[in-house]
């Protein structure tokens with residue numbers, strides 16, 4: 001990338017005129033396979049007035065992208081066949097015809113799954129570069145991921161001081177933020193589940209969870225109840241299925257569930273396993289609510305103001321699983337669906 | 001009963017000094033059987049200062065009572081073995097040592113499952129006697145039953161004008177009120193399910209439902225979707241199980257479920273059938289909330305003010321299934337659990 005043009009100059013000497021992009025070429029059945037996608041290089045047109053060209057530095061891979069590969073209506077529209085896929089990315093402006101975003105500006109945007117993005121300046125958001133912190137933090141802990149955790153705990157679950165909080169998929173990008181925000185907000189006990197002994201150890205040693213268990217050991221209900229002798233008040237659901245059943249059995253009166261995802265179901269092709277314990281919804285006056293971030297962007301300023309300082313002074317920690325190279329983006333995505341990440345999964349270009 | 005004492009007189013000439021009461025003598029396994037209960041006649045002590053004696057005229061039997069027969073913690077405590085069961089009742093004061101409730105006053109209270117009740121006047125609530133309307137209306141449409149429908153639709157489900165509303169167990173006491181209150185509040189379409197062709201016919205011919213179906217015909221999902229070509233916005237759940245699964249599949253974005261009961265599960269002894277479709281909670285941003293009336297009495301004045309006039313001028317109708325005789329109270333209760341009622345089930349003494 002070129003960064004030798006004076007800031008504010010609306011022209012550029014960059015010679016980046018192609019973009020290598022991942023296209024969806026077939027709709028996956030179950031787990032995506034390499035023949036479902038293709039990496040293609042396309043020529044970019046010259047910049048129009050008010051447009052910028054961005055060299056991506058990090059790409060985000062997220063579970064929700066699996067849903068977009070299906071041709072079914074959902075909260076985000078499906079990817080189109082034979083077109084480049086999109087997703088979160090951070091990068092730097094390398095050519096600009098907008099005085100709002102001069103060359104060199106760090107930005108986040110949604111034209112991921114490619115090495116070079118370009119378009120109107122308003123499609124790109126300037127991000128703050130924190131000393132000693134990778135730009136990729138804006139794809140995770142201080143980006144959509146952290147805001148998702150914050151929204152689920154505060155607006156959806158109505159977290160109160162003293163609550164016992166349980167989060168599934170706790171070693172994931174959202175999960176580690178859920179645990180830390182719950183603690184910041186005065187939860188009395190924070191419990192997490194994860195899919196390996198290594199992840200479970202990280203939850204208590206690094207992320208401040210009071211208790212954690214490995215759901216692959218089985219008996220999710222028994223393990224949860226052992227970790228929560230006084231029951232739970234809030235469940236942040238990332239996986240659905242047996243975790244949701246176990247939560248219903250364990251929630252105290254007036255318990256709340258924020259449903260953020262059902263990663264365990266995204267690849268499901270067989271008969272759906274039903275959720276049990278739902279009679280507790282009435283006998284314990286429970287509330288269950290699903291949410292997607294498109295409806296809650298208004299919380300972003302409040303989130304940044306409350307959580308930002310906790311990163312600046314080292315109270316919060318975050319993990320990333322970094323995969324290098326655009327060529328490996330698809331493998332990184334499949335690995336994410338298989339749970340091969342600790343913390344936020346990103347691709348470094 | 002005696003009603004020959006001048007109103008306001010704090011003494012009485014009543015000679016009612018015994019009470020015949022249904023006791024729980026064994027905890028049922030599955031459907032209750034006659035040997036689980038016993039009808040016993042006990043002597044009543046003389047009235048203390050501030051107490052009243054009430055001859056019950058109607059007793060309420062309700063699904064939640066089945067839960068109280070189990071020795072497990074719930075939102076209402078279990079019935080105690082070898083003690084009289086309790087429940088809604090309306091009657092008339094026959095002896096009084098309280099100037100607040102003189103002889104002849106019509107009252108509602110919770111010492112049902114017996115012919116004569118007595119205790120402090122504050123345990124009995126004066127009710128309005130409407131010309132041409134049975135006192136039993138205060139056990140149902142204008143009592144707890146109607147308030148339950150009102151609370152679920154308004155406070156829990158946040159019913160809005162134009163919503164499509166679905167209610168299961170729609171021919172029951174709560175269900176018929178749900179349909180009529182939904183209409184009163186401007187629902188665009190009201191759909192009900194019930195367990196017989198006769199009940200289904202009543203829903204559309206008498207209670208103003210736009211569509212209704214018989215869930216015993218099977219394929220609850222298919223029948224619901226045929227009745228709701230534009231989906232549903234609110235589901236008032238009285239039965240759980242396959243109805244809840246079908247609702248998840250049919251709810252529109254931002255749909256709400258008020259969970260009032262799971263009558264189908266109360267007698268369940270085998271493995272619980274899981275609820276499917278729960279991944280829609282997140283993909284459609286659904287909210288599911290259970291409630292019990294102990295937390296919502298504060299809505300009673302608002303309910304009476306809004307719905308009372310609709311009875312007075314004939315806009316609302318209600319059905320009762322009346323069983324005669326204290327001896328038949330237990331059979332009436334079992335019949336209720338089997339769905340042998342249309343509208344509110346009461347026992348007339």
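Chains as they are written, first to last, in the UniProt record's numbering: chain A, 1 to 349; chain B, 1 to 349. Backbone N, C-alpha and C define an ideal beta-carbon position, used for all residues, glycine too.
Those residues which DSSP pairs with residue i across a bridge
i, result
"residue 348 (chain B)", "B:58, B:324"
"residue 41 (chain B)", "B:20"
"residue 289 (chain B)", "A:287, B:258"
"residue 203 (chain A)", "According to DSSP, residue 203 (chain A) bridges with nothing at all."
"residue 132 (chain B)", "DSSP output for residue 132 (chain B) lists no bridge partner at all."
"residue 161 (chain B)", "For residue 161 (chain B), which the question treats as bridged, DSSP gives no partner whatsoever."
"residue 237 (chain A)", "A:259"
"residue 341 (chain A)", "Partner(s): none; residue 341 (chain A) has no beta bridge."
"residue 214 (chain A)", "A:194"
"residue 232 (chain A)", "A:251"
"residue 166 (chain B)", "B:191, B:235"
"residue 109 (chain B)", "B:89"
"residue 116 (chain A)", "A:55"
"residue 275 (chain A)", "B:275"
"residue 84 (chain A)", "A:23"
Enclosing alpha helix (DSSP H) for residue i [first to last residue]
i, result
"residue 223 (chain A)", "220-227"
"residue 307 (chain A)", "300-312"
"residue 30 (chain B)", "Element bounds for residue 30 (chain B): n/a, residue is neither H nor E."
"residue 149 (chain B)", "144-151"
The beta strand (DSSP E) enclosing residue i, as first and last residue numbers
i, result
"residue 123 (chain A)", "Neither: residue 123 (chain A) is in no beta strand (DSSP E) and is coded neither H nor E."
"residue 171 (chain A)", "Premise fails: residue 171 (chain A) is in no beta strand (DSSP E) and is neither H nor E."
"residue 68 (chain A)", "Per DSSP, residue 68 (chain A) belongs to no beta strand (DSSP E); it is in the alpha helix (DSSP H), 64-68."
"residue 94 (chain A)", "89-96"
"residue 26 (chain A)", "Segment: none, residue 26 (chain A) is in no beta strand (DSSP E) and carries neither H nor E."
8 Å contact criterion, which residue i and residue j should meet: CB distance rounded
i, j, result
"residue 233 (chain A)", "residue 255 (chain A)", "5 Å"
"residue 27 (chain A)", "residue 69 (chain A)", "6 Å"
"residue 275 (chain A)", "residue 275 (chain B)", "5 Å"
"residue 230 (chain A)", "residue 260 (chain A)", "Contact flag wrong, Cβ pair sits at about 24 Å."
"residue 19 (chain B)", "residue 42 (chain B)", "6 Å"
"residue 212 (chain B)", "residue 192 (chain B)", "5 Å"
"residue 61 (chain B)", "residue 87 (chain B)", "7 Å"
"residue 329 (chain A)", "residue 347 (chain A)", "5 Å"
"residue 342 (chain A)", "residue 202 (chain A)", "6 Å"
"residue 222 (chain B)", "residue 245 (chain B)", "With a Cβ gap of about 12 Å, residue 222 (chain B) and residue 245 (chain B) do not count as contacting."
"residue 136 (chain A)", "residue 164 (chain A)", "Incorrect: roughly 32 Å between the Cβ atoms, too far for contact."
"residue 293 (chain A)", "residue 176 (chain A)", "With 8 Å as the limit, residue 293 (chain A) and residue 176 (chain A) do not qualify as a contact, their Cβ atoms being about 17 Å apart."
Check: Using 8 Å as the threshold, is the region 180-194 of chain A in touch with the region 305-323 of chain A, meaning 3 or more CB pairs across them?
Finding: yes
Check: If you measure beta-carbon to beta-carbon, which residues of the region 283-297 of chain A are closer than 8 Å to chain B?
Finding: 283, 284, 285, 286, 287, 288, 289, 290, 291, 292, 295
Notebook entry, point to check: Should the region 47-55 of chain A be regarded as contacting the region 70-83 of chain A, the criterion being three or more beta carbon pairs within less than 8 Å?
Noted result: no
Notebook entry, point to check: Can we say the region 48-64 of chain B touches the region 103-119 of chain B, given the rule of at least three CB pairs closer than 8 Å?
Noted result: yes
Margin query: When you compare the region 276-290 of chain B with the region 305-314 of chain B, are there three or more beta-carbon pairs, one atom per stretch, that lie closer than 8 Å?
Written below: no
Check: Can we say the region 192-202 of chain B touches the region 165-172 of chain B, given the rule of at least three CB pairs closer than 8 Å?
Finding: yes
Margin query: Please identify, using Cβ separations under 9 Å, the residues of the region 225-244 of chain A that lie next to chain B, in order along the chain.
Written below: 237, 240, 241, 244
Notebook entry, point to check: Any contact of the region 96-103 of chain B with the region 117-137 of chain B, i.e. 3+ C-beta pairs under 8 Å?
Noted result: yes
Next item on the list: Name, going along the chain, the residues of the region 196-225 of chain B whose beta-carbon falls closer than 9 Å to a beta-carbon of chain A.
Entry: none
Note to self: Any contact between the region 321-335 of chain A and the region 147-159 of chain A? By contact I mean 3 or more CB pairs, one from each, below 8 Å.
What the structure shows: no
Item checked: Near-chain A residues of the region 83-115 of chain B - C-beta to any C-beta below 8 Å -> none
Margin query: For the structure I just gave you, are there three or more beta carbon pairs, one from the region 30-37 of chain B and one from the region 331-339 of chain B, closer than 8 Å?
Written below: yes
Checklist line | Positions along the region 115-134 of chain B whose CB lies within less than 7 Å of some CB in chain A | finding: none
Check: Which of the residues in the region 243-259 of chain A, read from start to end, lie with their CB under 7 Å from any CB of chain B?
Finding: 244, 259
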